[in-house]
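Comments concern the structure below.
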Amino acid sequence: AVDGTLLDFDTPLSHGKSYYAALVSDNCESTERLWVSVEIKDTSDLKINKSVSKQEPMIGEKIMLTISVENNGSSNFKEVIIGEELDSGFKYLSKNLTHGHYDPSNKKWTIDSLAPMEKAVLSLELETVANGQYGSASFIESSVPMDMDTQNNSAQINLEPSCITIYNEFTPNDDGDNDYFKIECIENFPDSNLQIFNRYGALVYQKKAYQNNWRGLANVKGVVGKGEPLPTGTYFYILNLDNTSESTTGWLFLRKD
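In terms of this note's numbering, the sequence shown opens at residue -1 and continues consecutively.
Below you can see the structure in the form of structure tokens.
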């Protein structure tokens, strides 16, 4: 009871307020009452998640790493600092975020304030580089108030880059050096499909099960004669490794001299 008024069993209690409890037996209430002071603890909780745009990127391919932090508690969080660990196989390119500030030099994301049920998102554009490790971990370093539930305060991913490496420049001048457009490891993908376009978007070459044997000759009609050499310039490719994977796009430079 409070102020002598009997409370229903489903009445919510208030923090810092005094109540009195009495024993009731056979509809008879005892004359003795026990004083009760209510302290309601804050249910603060931050949750972190992360995802990646492609689990098996090629070396040299750009990917998007997304980290989100959500306030699942009932009170505001301030001065939230998230640490980000990136292995040596990633090269930082750019960032995009909804809250706060990200410093690529120390890999820390600072959020000034996060309201209940509010979510902050950080997206990092990265490039995979050769001869590295490809893991990433995100974790909440500190916050005000402290998050007492730490089970969901970290997240990590590990990528498995494809062995594919595309060499963007070649010189088909019959000198025996770099005469073919080379895609390392392409022989492991017998269902691959390669398409080459000129700068105007016209298809100039296409090949299924490519075997590193293109010397800069057109094999479709329309731009130059079929079987004729293409001029020096920048071209664009679409490579699909199988019928189910996402296509990879990029540029290549063909030099005739």
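C-beta: ideal position from N, C-alpha, C; glycine also. All of these numbers come straight from a predicted model, not from anything done at the bench.
Per DSSP, Lys52 lies in no beta strand (DSSP E) and is assigned neither H nor E. Secondary structure of Asn94 (DSSP, three-state): strand.
Taking C-beta atoms as the reference points, Pro227 and Leu215 count as a pair closer than 7 Å. Annotated as distal: Lys52 and Ile65, with beta-carbon spacing of 7 Å or more. Burial is judged here by how many other beta carbons sit within 10 angstroms of a residue's own beta carbon; Val34 has fewer than 16 and is exposed.
In this model, Asn171 and Leu250 are separated by some 16 Å (Cα to Cα). In the three-state scheme derived from DSSP, where H, G and I count as helix and E and B as strand, Glu185 is classed as helix.
Inter-segment contact for the stretch 75 to 87 and the stretch 140 to 157 is present: three or more beta-carbon pairs are separated by less than 8 Å. Between Val78 and Leu112, the CB-CB gap stays under 7 Å. Closest in alpha carbon position to Gly220, among Phe234, Gln209, Thr232, Asn196, is Asn196. One Cα belongs to His97, the other to Gln193, and the distance between them is close to 40 Å.
Burial of Val202 is indicated by the presence of at least 16 other C-beta atoms within 10 angstroms of its C-beta.
DSSP places Ser86 outside any beta strand (DSSP E), giving it a letter other than H or E. Judged by DSSP secondary structure, Gly248 falls within the beta strand (DSSP E) whose first and last residues are 246 to 252. At the C-beta level, Lys48 and Ser136 come within 7 Å of one another. When Met115, Tyr100, Asn176 are compared, the shortest CA-CA separation from Glu123 is found for Tyr100.
Secondary structure of Thr126 (DSSP, three-state): strand. Contact between Ile164 and Gly87 is ruled out by a C-beta separation of about 17 Å, above the 8 Å threshold. Asp43 counts as buried, since at least 16 other C-beta atoms from the protein chains shown sit within 10 angstroms of its C-beta.
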